[in-house]
Amino acid sequence: MSFDVERIRKDFPVLSRELPGGRTLVYLDSGNSSQKPTPVIETMREHLAMHYSNVGRAMHVLGSESTEAYEAARDKIAAFVGAPSRDEVVFTKNASEALNLLAYSLGNRSNTDPRFTLGEGDEIVISEMEHHSNIVPWQMLAQRTGATLKWFGVTDDGRLDLSGDVITDRTKIVSVTHQSNVLGTVNPVAEIVRLARQAGALVALDASQSVPHHPVDVAALGADFVAFTGHKMVGPSGIGVLWGRQELLEAMPPFLGGGEMIEAVWMDRSTYAPVPHKFEAGTPPIVEAIGLGAAVDYLTGVGMEAIEAHERDLTAYAMRALQEISGLKVIGPTDLGDRGGTISFTLEGIHPHDVGQILDDQFGIAVRVGHHCARPLHLRFGIPATTRASFYLYNTTGEIDALVRGLHQVQKVFA
Amino acid sequence: MSFDVERIRKDFPVLSRELPGGRTLVYLDSGNSSQKPTPVIETMREHLAMHYSNVGRAMHVLGSESTEAYEAARDKIAAFVGAPSRDEVVFTKNASEALNLLAYSLGNRSNTDPRFTLGEGDEIVISEMEHHSNIVPWQMLAQRTGATLKWFGVTDDGRLDLSGDVITDRTKIVSVTHQSNVLGTVNPVAEIVRLARQAGALVALDASQSVPHHPVDVAALGADFVAFTGHKMVGPSGIGVLWGRQELLEAMPPFLGGGEMIEAVWMDRSTYAPVPHKFEAGTPPIVEAIGLGAAVDYLTGVGMEAIEAHERDLTAYAMRALQEISGLKVIGPTDLGDRGGTISFTLEGIHPHDVGQILDDQFGIAVRVGHHCARPLHLRFGIPATTRASFYLYNTTGEIDALVRGLHQVQKVFA
Amino acid sequence: MITDSMYQELILEHYKRPQGRGLREPYEAEVHHVNPTCGDEITLRVHLEGDKVADVSYEGQGCSISQAAASVLHELTKGSTVTESLSVVDEFTRLMQGRGQVEPDEDVLGDAVAFAGVAKFPARVKCALLSWMAYKDAVVRSSAV
Amino acid sequence: MITDSMYQELILEHYKRPQGRGLREPYEAEVHHVNPTCGDEITLRVHLEGDKVADVSYEGQGCSISQAAASVLHELTKGSTVTESLSVVDEFTRLMQGRGQVEPDEDVLGDAVAFAGVAKFPARVKCALLSWMAYKDAVVRSSAV
Ligand SMILES: Cc1ncc(COP(=O)(O)O)c(C=O)c1O
Ligand SMILES: Cc1ncc(COP(=O)(O)O)c(C=O)c1O
Chain A
1338 MSFDVERIRK
1348 DFPVLSRELP
1358 GGRTLVYLDS
1368 GNSSQKPTPV
1378 IETMREHLAM
1388 HYSNVGRAMH
1398 VLGSESTEAY
1408 EAARDKIAAF
1418 VGAPSRDEVV
1428 FTKNASEALN
1438 LLAYSLGNRS
1448 NTDPRFTLGE
1458 GDEIVISEME
1468 HHSNIVPWQM
1478 LAQRTGATLK
1488 WFGVTDDGRL
1498 DLSGDVITDR
1508 TKIVSVTHQS
1518 NVLGTVNPVA
1528 EIVRLARQAG
1538 ALVALDASQS
1548 VPHHPVDVAA
1558 LGADFVAFTG
1568 HKMVGPSGIG
1578 VLWGRQELLE
1588 AMPPFLGGGE
1598 MIEAVWMDRS
1608 TYAPVPHKFE
1618 AGTPPIVEAI
1628 GLGAAVDYLT
1638 GVGMEAIEAH
1648 ERDLTAYAMR
1658 ALQEISGLKV
1668 IGPTDLGDRG
1678 GTISFTLEGI
1688 HPHDVGQILD
1698 DQFGIAVRVG
1708 HHCARPLHLR
1718 FGIPATTRAS
1728 FYLYNTTGEI
1738 DALVRGLHQV
1748 QKVFA
Chain B
1338 MSFDVERIRK
1348 DFPVLSRELP
1358 GGRTLVYLDS
1368 GNSSQKPTPV
1378 IETMREHLAM
1388 HYSNVGRAMH
1398 VLGSESTEAY
1408 EAARDKIAAF
1418 VGAPSRDEVV
1428 FTKNASEALN
1438 LLAYSLGNRS
1448 NTDPRFTLGE
1458 GDEIVISEME
1468 HHSNIVPWQM
1478 LAQRTGATLK
1488 WFGVTDDGRL
1498 DLSGDVITDR
1508 TKIVSVTHQS
1518 NVLGTVNPVA
1528 EIVRLARQAG
1538 ALVALDASQS
1548 VPHHPVDVAA
1558 LGADFVAFTG
1568 HKMVGPSGIG
1578 VLWGRQELLE
1588 AMPPFLGGGE
1598 MIEAVWMDRS
1608 TYAPVPHKFE
1618 AGTPPIVEAI
1628 GLGAAVDYLT
1638 GVGMEAIEAH
1648 ERDLTAYAMR
1658 ALQEISGLKV
1668 IGPTDLGDRG
1678 GTISFTLEGI
1688 HPHDVGQILD
1698 DQFGIAVRVG
1708 HHCARPLHLR
1718 FGIPATTRAS
1728 FYLYNTTGEI
1738 DALVRGLHQV
1748 QKVFA
Chain C
640 MITDSMYQEL
650 ILEHYKRPQG
660 RGLREPYEAE
670 VHHVNPTCGD
680 EITLRVHLEG
690 DKVADVSYEG
700 QGCSISQAAA
710 SVLHELTKGS
720 TVTESLSVVD
730 EFTRLMQGRG
740 QVEPDEDVLG
750 DAVAFAGVAK
760 FPARVKCALL
770 SWMAYKDAVV
780 RSSAV
Chain D
640 MITDSMYQEL
650 ILEHYKRPQG
660 RGLREPYEAE
670 VHHVNPTCGD
680 EITLRVHLEG
690 DKVADVSYEG
700 QGCSISQAAA
710 SVLHELTKGS
720 TVTESLSVVD
730 EFTRLMQGRG
740 QVEPDEDVLG
750 DAVAFAGVAK
760 FPARVKCALL
770 SWMAYKDAVV
780 RSSAV
């Protein structure tokens, strides 16, 4: 498959933007949020301008056009991640809501399904490399229920440390990231699923950083739940996805209550709609779901294998180039097996905030600096912050060269 | 102020759309969701195409442009509803999430503020005219905590029945709608606040149907919380607002956990960001908030007083015209005091589903039929469903004439 | 009236002149189904003779779609075999749940293809399916007797 | 380098050659502030003589913004009255929290206007404010002594 990055770049209007001061934009912050191609932007504009209405409930032309487009987006996303059924795709506002939905489904006093009860003595397992969105919901759950939060550590070279008996018979759920948003590490899902199954625990994957960058097949992964987010996969803000096995989604209590998620309501009780609607209270992010549908069409058009290969090339190129900079230290695996296109590093004697700001100020290079919503991971490595370059389908080796030049200049400024 | 409805209609692209079969669109379903003017659509498109990035965390040109635009939208919305502080405006995905956020903040075992504790013996008060989104979250809260759910009834002419001792010393919160999405009734907020204050209860208003249609000043209303939703006020889908008094928001436990809502995270505990960010976990609906900012700019440009007056005229016109149709019965107040531009009715011997579908099929008239997410209210009136026409700034008396003609034709078809 | 319309003449026809309406004896099973979202109701009886559907009788109330669907159901099932009738139910269900994307099999569905337009309106799909689900339920029960 | 840039020469100047750095005696109050989101730290001492700020001494670590802000703070507060210095702190805080919308008052802020560009980056505002908040805290404590 021929991958024409220059042609792809033309699909993303912002990439040809000139920043104030005549800088060209070098966008190396897709791990934070990706840019949007014209088909996504235009699909949303067209829907808002000509076909918009509320979904599900409306019985007129616009209502049916919106509903069809919204539900067609669900089909597309189900197909994109290999969901056995479209009804397993729940739309949320982002990955964080998806993970919170799941966390709130455990230990809810009004639900008695043993898989979702949780209290003192029960254990929740996460890892030290999680994004805050896969830490805080579980901390809050532990606080509400008295359950115990445990976690896998991280090795010096940025791999999950599965040794030790973190998972026990008391573990009710294991929730870990598929790909680290800091280290780039891709975790061994099969092994985690095996350990969890032995203990009879549920398994959730935070796939926010994997679904945008690799072909992902949720059925093949073997987990029970997979969360991801639209804005990191060339889709709009305001839309995320929780995939879950149908029988589990059916056994879970509802999370948000309101219009659309009900079957019948009396003042004193309600019955709920079948999944996925049971979890979609109120008017959903209609145009955002439709935009995400256009996004997966776009990604599929380019080809997820091709995108993965392109990013692998960029990562190899960047890893070589960056490691030649004196005082630069990569945090995370430097070998290219089981890692994605996210490289976090420190530059000796220079605070990442300063690195990022000079790169932006002088070169228009957008990287992310700080703890990237993974403060415990940074504590683990004894550093307050890193600089992170993350790549996507539209990035080029030329942009990596620009980054390297920029870093040399940063070192000059602070010499 | 001169109100030029024809000029306004030009701002809404869909209103000049020709539906399949050569029908012109007559959109009388704004109570369900409103249409979008060009400035909102273009603001979103422009942001997605040229300025998009994640907010808060990013420290580069795009990050600062997105953050500025997102936070400026908060300022606009705060000003639009008279919030004493911008920090009292919490962005959610819709009104339903706003109401659920509030419901989940009560009875959370990890929070000890007495205003938000809830358990057996405590009471929650709602009303019989609520939208499911202001019923189900409270039912679920009652189920989780053992608290008791009580409600105000509705009089035969569609007013809140405040008689009887529904609110007692055990009432912790009173949550009622500002304007009914079925009856059009505008409720006496001052009186409700007075009753609740006597009992020491919190007061929440579901303002989903009032903020789009009337000048609303949350400070003047006197409630503690006000929820509303972007898509009903010419804004995008995927964005809603919870306004709350700052000291209450500060006393509440967080709802969704994750990135952006934290101050610092360790593996075993976290501290949280100041409000409003404490309640905005993960990447927010960035472009949607910005679109909502453009929406309130648009509404302010037209003038909320002018919009209110225009809708009052339309309602008076429609009330006269509809009541002349034999067999048509309005459910809700027929006098024009304290009511908005939403008229629900039954047509003798014809099911509302059939009414709505013929209006759409033959005339391109979009109304809503069913229970409008207010099934208990329909049970109260002993009817399974109504047909609802709801008006907004872009509607005309000509469209009401079309509705009347359409209803006559419906009667002919089913004669 | 546009062609893709939900209100095919045929549906109105069945609504105004329902076929086989009324509850009749004998029957092996009677079921009562309600659509809680819109209040539509149906009471439906099935009378089997061996493998044959000898009668489907019903009483109900609701919108024209739900009432016409019962009438069409009566027409299509009465006189056919149980197996045949269930495959019609399956095809009808597939059409209704296809969100307007499914090409109906006219040979199997007969008059029921008139409901194709309904499939685009999720809120109406349940109206159309009410009597058909009731029928399926009744067949299961009568076979169990 | 673009004009609106965060990295004014002046900030780099202060970062590389910080004014008044080091912890000195005597002092009435010492405070230690940390920015948990990025790990920046400052230890700051205030020495008052009557209504006069006789010395502000400090040690810290973090990015150039947080370190330069402490140096500028030292320069602007030392020798002024407590009241004056607090009004500078207020104006600086207003500028920093203005999300780039606030016109800084140069007469009040002096060199500190160089930080105007920081106000657009919420994540950096705390870096700039760290030492200034610490100063305010220290003044309150030393006056309470
Ligand atoms: C009175 C009322 N409350 C709440 C809602 C729920 O709003 P949303 O669907 O945006 O959550 C609606 C509209 O659907 C409404 O009319
Ligand atoms: C690994 C990971 N998990 C979760 C999230 C949260 O996604 P969102 O901000 O869309 O909720 C992110 C991105 O911010 C992430 O990188």
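Top to bottom, those sequences are chains A, B, C and D.
Residue numbering for the first sequence follows our numbering, beginning at 1338 and increasing consecutively.
Residue numbering for the second sequence follows our numbering, beginning at 1338 and increasing consecutively.
Residue numbering for the third sequence follows our numbering, beginning at 640 and increasing consecutively.
Residue numbering for the fourth sequence follows our numbering, beginning at 640 and increasing consecutively.
The beta-carbon is built from N, C-alpha and C at its ideal position, and this holds for glycine as well.
Measuring alpha carbon to alpha carbon, tell me which of the options ends up nearest residue i.
i: Ala668 of chain C; options: C:Leu651, C:Asp694, C:Val727; result: C:Asp694
i: Gly1577 of chain B; options: B:Gly1628, B:His1690, B:Leu1499; result: B:Gly1628
i: Gly661 of chain D; options: D:Glu742, D:Cys677, D:Ile681; result: D:Ile681
i: Gln740 of chain D; options: B:Glu1587, B:Glu1402, B:Thr1620; result: B:Glu1402
i: Pro1376 of chain B; options: A:Ala1386, A:Leu1740, A:Gln1372; result: A:Ala1386
i: Val1553 of chain A; options: A:Lys1666, A:Val1418, A:Pro1374; result: A:Val1418
i: Thr722 of chain D; options: D:Tyr654, D:Glu664, D:Tyr774, D:Pro657; result: D:Tyr774
i: Glu698 of chain D; options: D:Ala707, D:Val692, D:Asp690, D:Lys691; result: D:Ala707
i: Pro1525 of chain A; options: A:Ala1588, A:Glu1648, A:Leu1499, A:Lys1509; result: A:Leu1499
i: Ile1695 of chain B; options: A:Asp1341, A:Thr1723, A:Ser1663, A:His1397; result: A:His1397
i: Asp1605 of chain B; options: A:Ala1479, A:Glu1736, A:Asp1697; result: A:Ala1479
i: Arg1534 of chain B; options: B:Ser1727, B:Ser1371, B:Asp1675, B:Ser1512; result: B:Ser1512
With 16 other CB atoms within 10 Å as the buried threshold, where does residue i fall?
i: His671 of chain D; result: exposed
i: Glu1642 of chain A; result: exposed
i: Arg1657 of chain A; result: exposed
i: Arg1531 of chain B; result: exposed
i: Met1338 of chain A; result: Below a pLDDT of 50, predicted positions are generally treated as unreliable, and Met1338 of chain A, at 49, falls in that range; no measurement from the model is reported.
i: Gly1501 of chain B; result: exposed
Name the DSSP bridge partner or partners of residue i?
i: Arg1705 of chain B; result: B:Arg1725
i: Trp1753 of chain B; result: Residue numbering for chain B in the displayed model covers 1338 to 1752; residue 1753 of chain B lies beyond these limits and cannot be assessed.
i: Asp1498 of chain B; result: B:Gly1490
i: Ile1737 of chain B; result: DSSP lists no partner for Ile1737 of chain B.
i: Ser1681 of chain A; result: A:Ile1668, A:Arg1725
i: Asp1543 of chain A; result: A:Thr1514, A:Ala1564
i: Ala1293 of chain B; result: The shown model of chain B, from 1338 to 1752, leaves out residue 1293 of chain B, and the question about it has no answer.
Please confirm whether any heavy atom of ligand 2 lies closer than 7 Å to the CB of residue i.
i: Asp1543 of chain A; result: yes
i: Cys1710 of chain A; result: yes
i: Gly1575 of chain A; result: no
i: Gln1546 of chain A; result: yes
i: Thr1514 of chain A; result: yes
i: Gly1400 of chain B; result: no
When you measure from the CB of residue i to every non-hydrogen atom of ligand 1, does any distance come out below 7 Å?
i: Thr1566 of chain B; result: yes
i: His1468 of chain B; result: yes
i: Ser1433 of chain B; result: yes
i: Gly1619 of chain B; result: no
i: Asn1471 of chain A; result: no
i: Asn1524 of chain B; result: no
Handout entry: the stretch 1487-1506 of chain A contacting the stretch 1446-1454 of chain A, beta-carbon criterion three pairs below 8 Å
Key = no
Exercise for the section: Would you check if the stretch 1707-1720 of chain A and the stretch 1548-1564 of chain A touch, i.e. whether three or more CB-CB distances between them fall below 8 Å? Expected result: no
Problem - Sufficient close CB pairs (3 or more, under 8 Å) joining the stretch 1469-1486 of chain B to the stretch 1503-1516 of chain A - result: no
Problem - Any 3 or more C-beta pairs closer than 8 Å across the stretch 1652-1669 of chain A and the stretch 1598-1612 of chain A - result: no
Practice task
Flag this pair as touching only if the stretch 1428-1442 of chain B and the stretch 1562-1574 of chain B have three or more C-beta atom pairs under 8 Å; answer yes or no.
Solution key: yes
Practice task
Would you check if the stretch 1573-1589 of chain A and the stretch 1615-1622 of chain A touch, i.e. whether three or more CB-CB distances between them fall below 8 Å?
Solution key: yes
Exercise for the section: Examine the Cβ distances between the stretch 1409-1423 of chain A and the stretch 1730-1743 of chain B and report whether three or more of them are shorter than 8 Å. Expected result: no
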